[in-house]
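Worksheet for the structure shown next.
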Amino acid sequence: MSASNAEAGGRIIGIRPRVKKTTMLEARPTQVFILYPDGREAALELPDTEAETDFIAGILPVVWRGVKPEDSVKDLPFISHGMWEEVDEEQAAKRLPQHLVRTKKGRKKVAIHALTKVPVALEGLRSGDKVAMVLGAGNAFALTIAERGIKIGCELFRCPTKVPKDHRGEEDTKDEDAKLLATLLSKDPSLFYLMEERHQQLTRVAVAFRDRYISMQRRIRVLQQRLQQARDEAILSGARRTDPATSIEDTLMATAKAHPDVLDEEEIEKEFEEKLAEALEKVPVWNEILEPIEGMGVSIGARIIAAAQDIRRFEVKTDAQAKAESYAREHEHEKLGRFEEDIHLVADKLKSDSTRFQILQLVRSAKRAAGKEEEAVLLDQALEEYALRRKLRMHSESKGANKMKAYLGVHLMMGGKYADWPEAKQFPSRRNIAGSGRPANWQQIGRQGLYLFAKQTEYRPSSEWGAKRKVWKGGIAERKQPLNDAALAQAEAEGKENARIPWPKARINKASGWRTASRFVEWLFRTWLDWETRGGRTPSSWLFPSRVRCRTPTPNRPPDNS
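What follows is the structure, given as structure tokens:
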């Protein structure tokens, strides 16, 4: 039995994970597309978990031959690797004994299967392979591939779902995504992110949270069934209230919760919660960024991490050409301003950790003090390039944070593609986009986590984020207070909708919660991305939430209804 591919590596593999049941109630197997270095192509379908496991282990049968007399069932690595035919006793008598397998079928019957074909070629992961998958889908499968890759020397690359969507042809469907992913990885690797150990830890959290979430839903479903049964039994038996302080519904709920089926589901859910907590403890993003925040529990943090999963999906690269041009101008100004030649003027002020920017400032000031104004002006222009690059970087960070906010549903639908969107419907909700033809495509699990965190800031007003929420709440209340006649006339002249209607306290409180969630995502994006760009190493000076600025409202400031 030989491997189907002679190449030791260099292959590119695109994988689209299987779907157990689509909206059309049809199952779709895992699709695998392989690009060989010599240009050959191969396509495979993995219909079940067993086939996926065999592919990862490199022992998936892809070519068979007819059975020979010298073949035996005992020679098969796994029974599933052979092709079988069910036969009766009369047909079994005509077959060779080493080709037969007998299994129980019910209590008394015995099923007989005869071996018809044996595998002669195997397929699967090999050393040097590069595998392409999308983020989010098939996390357990992707995690297993990454762990196997560490052992045999292959790499897993993942990309946001937007990548295949943007490159898919008008007539192409998702059934071609495996080939598309392999092609994109071979032509433009910059669209993908290498899945390293720290990213595997984040994926483990996503898998553990999914298992815990499914277990929670199953427990709720069983509880609802038992509660309905208890209601039916109470009606049929004519139950009466025995305790004036307890309603019949409370009694029925207590009875349902005490049912063995519900208790069993609670035990299973606790096991998954422990596994989730164990997975989180191995993730620096949780230990160093989220866990120290007051009000951030395991359930909330796991939701946010499982939703975002890889912060690189939101990163917006700074304009490379603009940066290169800025560096060129800076070096030219430094050369004309004789920066290198006059560093000795500030040698006594330099420290071991002085940056080039700080040295440039010192030399500029020394030149100005020495009367070399022309050279000082040139160094001023060099310093302006630092400010320009910082502005470019902050602009890119802002765009990345906006992408993450939109993904998690804590953005505002205004500007850009929402330029003509009504002001009254800028808050992202299914009700506000109903009938517009636009999808509610934010990540619901992550949005739930942010909503729960915002509630915790309301319950903990003395916490750091709770204090920020109070400031933002005061600012919103000030802007949404009733307008005087002059301000009202100005607002109506500008065409602002609902300018006459002040916001009630409940709406102000709700808006402050979502404002807190939105600003929290901005901070989390910058902090998490900083950790990622350092290769998972904690920086010496961490970006603490205290650096998130919030404007304190001034009581006497004129109302602003913008």
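One rule links them: number in my numbering = place in the sequence shown (from 1) + 260. Ideal Cβ positions, reconstructed from N, Cα and C, are used throughout, including at glycine. Values in this document were obtained by computation on a predicted structure and should not be read as measured data.
Beta-bridge partners of TRP774 (DSSP): none assigned.
Counting C-beta pairs with one atom in each stretch, the region 691-698 and the region 724-738 have fewer than three that are closer than 8 Å, which means they do not touch. For HIS604, no alpha helix (DSSP H) encloses it, and the DSSP letter there is neither H nor E.
For PRO520, the enclosing alpha helix (DSSP H) stretches over residues 520-541. Taking a C-beta distance under 8 Å as the contact criterion, MET393 and ALA402 qualify as a contact pair. Counting the other Cβ atoms within 10 Å of the Cβ of ASP448 gives fewer than 16, which makes it exposed. With contacts defined by Cβ atoms closer than 8 Å, ARG472 and VAL522 do not form a contacting pair.
Three or more beta-carbon pairs separated by less than 8 Å link the region 375-394 to the region 431-448, which places the two stretches in contact. Between ALA516 and ALA494 the beta-carbon gap is near 11 Å, outside 8 Å, which marks them as no contact.
Sixteen is the threshold: since fewer than 16 other Cβ atoms of the shown chains lie within 10 Å of the Cβ of LEU454, the residue is exposed. For ILE273, the uninterrupted beta strand (DSSP E) segment begins and ends at 272-276.
Sequence-distant partners of ILE560 (beyond 5 residues in either direction) whose C-beta falls short of 6 Å from its own C-beta, in its chain, are GLY709, LEU712 and PHE713.
Between the C-alpha atoms of ALA371 and GLU345 there is a straight-line separation of about 11 Å.
In this structure, DSSP gives THR376 an extended state, which the three-state scheme calls strand.
When the alpha-carbon of VAL380 is set against those of THR421, ALA311, GLU312 and PRO337, the nearest one is in PRO337.
Going by DSSP, PRO424 is part of the alpha helix (DSSP H) stretching over 422-427. In the displayed model, VAL327 falls within coil according to three-state DSSP, outside both helix and strand. At a Cβ-Cβ threshold of 8 Å, MET673 and ALA568 do not count as neighbours. The residue from ARG386, VAL323 and MET654 with its alpha-carbon nearest to that of LYS411 is ARG386. Our two residues, TYR678 and PHE687, have alpha carbons roughly 11 Å apart in a direct line.
Proximity to ASP348 across ILE603, HIS341, GLY342 and LEU360 peaks at LEU360, based on C-alpha coordinates. Counting C-beta atoms within 10 angstroms of its own C-beta, ALA374 has 16 or more neighbours from the protein chains shown and is therefore classed as buried. Bounds of the alpha helix (DSSP H) holding LYS651 are 633-668.
In the DSSP secondary-structure assignment, GLU346 is bridged to HIS373.
By the neighbour-count criterion, in which 16 or more other beta carbons inside 10 Å mark a residue as buried, LYS577 falls on the exposed side. Looking at GLU301, TRP546, GLU575 and ALA580, the one whose alpha-carbon comes closest to that of ILE564 is TRP546.
Cβ contact annotation for GLN621 (same chain, cutoff 8 Å, sequence separation greater than five): LEU643, in chain order. When DSSP reads this structure, PHE293 sits in a beta bridge with GLY274 and ALA303. Beta bridge pairing from DSSP links PRO321 with LEU382. Counting of Cβ neighbours within 10 angstroms places SER772 among the buried residues, the total reaching 16 or more. Counted as a single uninterrupted DSSP element, the stretch harbouring LYS368 is not any alpha helix (DSSP H), since DSSP gives it neither H nor E. Within the same chain, Cβ atoms closer than 8 Å to the Cβ of VAL781 are found at ALA661, MET664, LYS665, LEU668, VAL670 and LEU710, the five residues on either side in sequence being excluded. Under the three-state reduction of DSSP output, MET393 falls in the strand class. For the set GLU527, VAL465, ASP437 and ALA438, the Cα lying nearest the Cα of ILE480 is the one of GLU527.
When Cβ pairs closer than 8 Å are counted between the two stretches, the region 590-605 is seen to touch the region 627-642, the count reaching three or more. The DSSP-derived three-state label of GLY726 is helix.
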